[in-house]
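Numbering (my numbering), first residue to last: 1 to 228.
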């Protein structure tokens, strides 16, 4: 009986030790607490909102400048840009009254990539080889035609092929060709400069669109991080 009573406490202690060992192996003790995602601070949330709204404001400003510079003959492009400008203004008003970051990101998701009209205008205002040639060589082309005409008239006068009145009219026409060459160069140079300015404005507007798209991606990533 005494041997049996001594064995029972030993068995109970061994059983308790096994339970503690099993619990320890299942849930290992650690001094460091488990890592949890850090919640977004109010300052960072406000920074994301302000950055996105600032990008929208800059985008609207660049788009308005392009509309003011674009000639009135581009009626279709002006109408498309005006529609985009109205959508940006409506989106900005909705976002200004949205405080929650998640709701802000959902509302901002209505922002779309650069409109197709922007790519159309970039192709239209791209440098043209013929226009560049006229802008740089228009006057020289007129001079070459004038000299050629004068040589032909002198040769014809020396051989009495043309009467004096016809030769005089030919000289006037050759001088007119020279003036037309100069005018063509000035016209081509002005048009080339205007196209270069419009193309640069289109590039600036496209960069503003890409910036807002990048800010939108940051907003979505912040919302995903806050949900975890």
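Just so it is clear, CB atoms sit at the ideal spot from N, CA and C, and this is done for glycine as well.
Note that the C-beta distance between residue 56 and residue 92 is below 7 angstroms.
Here residue 212 is buried, its C-beta having at least 16 other C-beta atoms within 10 Å.
Nearest C-alpha to residue 94 among 107, 120, 44 and 42: 107. In this chain, the alpha helix (DSSP H) harbouring residue 60 covers 42 to 69. Distance check between residue 88 and each of 114, 101, 74 and 102 places 114 closest, using alpha-carbon atoms only. Its Cα nearest to that of residue 75, the residue 121 stands out among 186, 98, 96 and 121. Separation of the CB atoms of residue 69 and residue 205 is rounded to 11 angstroms, and the pair is thereby denied contact status at 8 angstroms. Straight-line measurement puts the Cα of residue 81 at about 13 angstroms from the Cα of residue 112.
In the assembly as shown, residue 196 is an exposed residue. Its beta-carbon has fewer than 16 other beta-carbons within 10 Å. When DSSP states are grouped into helix, strand and coil, residue 74 belongs to the coil group. For residue 98, no alpha helix (DSSP H) encloses it, and the DSSP letter there is neither H nor E. In the three-state DSSP reduction, residue 178 falls in the helix class (H, G or I).
In this structure, the straight-line span from the alpha carbon of residue 116 to that of residue 181 is close to 37 angstroms.
Setting aside the 5 residues that flank it on each side, residue 98 is surrounded in the same chain by 104 and 107, each with a C-beta closer than 6 angstroms to its C-beta; the list follows chain order.
Within 10 angstroms of the beta-carbon of residue 200 lie fewer than 16 other beta-carbons, which makes it exposed.
The three-state secondary structure of residue 116, taken from DSSP, is helix. Rounded to whole angstroms, the separation of the alpha carbons of residue 219 and residue 203 is 25 angstroms. As summarised for the stretch 173 to 222, there are no continuous beta strand (DSSP E) elements at least 3 residues long confined to that stretch.
Contact between residue 78 and residue 67 holds, with the beta-carbon distance rounding to 6 angstroms and staying under 8 angstroms. For the options 173, 119, 84 and 125, the alpha carbon positioned closest to that of residue 110 is the one of 84.
Rounded to whole angstroms, residue 210 and residue 176 show a C-alpha spacing of 50 angstroms.
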